[in-house]
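Undergrad: Oh and the sequence shown: position 272 is 1483 in our numbering, straight run, nothing missing.
Below you will find the structure I want to go over with you.
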Amino acid sequence: RNGGPKMQTPGGKRERKTQLLLQEGKKQKLKLLVMSVCFLMGFPGNIAVIILKPNWENMSSLSQSLMLSLAVSDLLCLVTLPLWIYSFLYGWTFRLVGCKIITYFVYCSLYTSLLTVTVLSVQRYLHVVHLQRSLNRVRAKMLLLPLWLASMILSTPALVFRQLSEDQRWTTCSNQYSFEGQRMAVVLSETLVGFVSLSVIVFSYINLYRKVSRAVLFNNPQTTRLITSITVTLVVLWAPYLVSNVISMAAISLKNEGLLTFCDDIRRTVAAIIFVNSALNPLLYAFTSNRLSSLCHKSAQLFMLNCWRSNSMTKADWEIKSKNLLYPIDTHSVPSTLSQTAVGDCSCNDKL
């Protein structure tokens, strides 16, 4: 008598539906919060990078062009965020043309940002590790034009598969596929581009870190944190989306509808995290070269200051010399061997 199936009462169904709505509401609030913060941080940040071009004087013309391309692509991505925030609150009201074009802009800017960062990492790897400047001699137009064209081609699935769907008078803009082979092709292309780019970036910065860590004055926690943060940030922000793509491909191959629905729900959530990359790029890349030079210079100053302080100098003398270190190093005021060691190794001001 007690082993039979339990019938769910109407009250239980309403309670279950309420819980699902609350969970969905929390996810929506999280996405709205992430997108709002990204827009408030990244939009003015990228505009400032484009207008002010901070600390670009020590960069090569190619690096400056890549930095400008990165800022423009991130700005194009972030400028669409208010539209997505509005659609999450009130449904999609910008018609099918707006759905396709706005989504295409997002994909194109994200691909351009990823490919630009990849080229930047390769350029710095060749310059620092192999002491080659051949990439710097390439004209910016010859490199940026194929880069943007590749991003446009990779973004064409948004124009083909993006459609409007209605559910209980709620309109959304999402991909609609005629058969699962189309979905597999789109997800596979996104995953391959993402994994290849991230692999190149990680390889470049790991070898760059090994090269830099062997230098006497670069072996300090500040430099380690700087180079590590560049690599880790990219991997952390893109990895969840790429992992969800891999799981989606497995679900498509296994024809597991439950897992596929779960992956689609997860992908919509982790996709918002990628916008964080566009918001952080001005901080991570626009100031990297200058910070490396600054850290090298400050390391030399700190090394010399500690040597002076160890020679039983008075506190007053130490304070005077510490103030003098705020200005360019005068190599005539210290022993020649010390100045050659400190200043000679600090050769990181070449244009990257």
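Glycine residues also receive a C-beta, built at the ideal position from the N, C-alpha and C atoms.
Model, not experiment: these values are computed from the prediction.
1. How many Å lie between M1177 and A1483 at the Cα?
2. How long is the line joining the alpha carbons of D1475 and Q1239, rounded to whole angstroms?
3. DSSP three-state call for Q1387: helix, strand or coil?
4. For T1382, write down the residues that DSSP places opposite it in a beta bridge.
5. Is it right to say D1541 is buried, meaning 16 or more other beta carbons lie within 10 angstroms of its own, or is it exposed?
6. Report back the beta-carbon spacing between T1323 and L1358 to the nearest angstrom; my notes put them in contact at under 8 Å.
7. With 16 other CB atoms within 10 Å as the buried threshold, where does V1330 fall?
8. Under 8 Å between the Cβ atoms of M1460 and L1399?
9. Does the ligand ZN have a heavy atom nearer than 7 Å to the CB of T1472?
10. Among M1270, V1454, S1276, which residue has its Cα nearest to the Cα of M1353?
11. For L1286 and N1492, what's the separation of their Cα atoms in angstroms?
12. Going by DSSP, what residue range makes up the alpha helix (DSSP H) through W1359?
13. Given V1397, which residues of its chain have a CB within under 6 Å of its CB, disregarding the five upstream and five downstream residues?
14. Please state whether the Cβ-Cβ distance between F1486 and L1292 is less than 8 Å.
15. According to DSSP, simplified to helix, strand and coil, what is H1338?
16. Where does the unbroken alpha helix (DSSP H) through M1278 begin, and where does it stop?
17. Taking 8 Å as the cut-off, decide whether the C-beta atoms of K1422 and V1340 are in contact.
18. Apply the 10 Å Cβ neighbour rule to V1443 and answer buried if 16 or more other Cβ atoms are within range, or exposed otherwise.
19. Along the alpha helix (DSSP H) that carries W1295, what are the first and last residues, could you check?
20. Can you tell me whether P1493 is helix, strand or coil according to DSSP?
21. Buried or exposed: which applies to E1401, given that a residue is buried once 16 or more other Cβ atoms fall within 10 Å of its Cβ?
22. For the putative contact between T1480 and K1242, defined by C-beta atoms under 8 Å, what is the C-beta separation to the nearest angstrom?
23. Alpha carbon to alpha carbon, how far is L1337 from L1294?
24. To the nearest angstrom, how far is the alpha carbon of S1272 from that of L1403?
25. Check whether the Cβ atoms of L1300 and L1375 lie closer than 8 Å to each other.
26. Could you tell me which of V1248, A1351, L1279 sits nearest to I1172, measuring between CA atoms?
27. Flag this pair as yes or no: are the beta carbons of T1383 and W1267 separated by less than 8 Å?
TA: Once the coordinates are examined:
1. The first residue shown for the chain is 1212 and the last is 1563, placing residue 1177 beyond what the model contains.
2. 14 Å
3. coil
4. DSSP output for T1382 lists E1377 as bridge partner(s).
5. Below a pLDDT of 50, predicted positions are generally treated as unreliable, and D1541, at 40, falls in that range; no measurement from the model is reported.
6. 7 Å
7. V1330 counts as buried, since no fewer than 16 other beta carbons sit within 10 angstroms of its beta carbon.
8. Yes, these two residues count as a Cβ contact at 8 Å.
9. The ligand ZN is absent from the structure shown, which contains no ligands of any kind.
10. Ranked by Cα distance from M1353, the first of M1270, V1454, S1276 is S1276.
11. 10 Å
12. 1351 to 1365
13. P1368
14. yes
15. If DSSP states are grouped into helix, strand and coil, H1338 belongs with the helices.
16. First-last of the alpha helix (DSSP H) with M1278: 1272 to 1289.
17. yes
18. Label assigned to V1443: exposed.
19. 1292 to 1301
20. Of the three classes helix, strand and coil, the one that applies to P1493 here is helix, per DSSP.
21. buried
22. Confirmed, about 6 Å.
23. 40 Å
24. Straight-line Cα distance between these residues: approximately 30 Å.
25. no
26. As displayed, the chain neither begins before 1212 nor continues past 1563, which places residue 1172 out of reach and without an answer.
27. no
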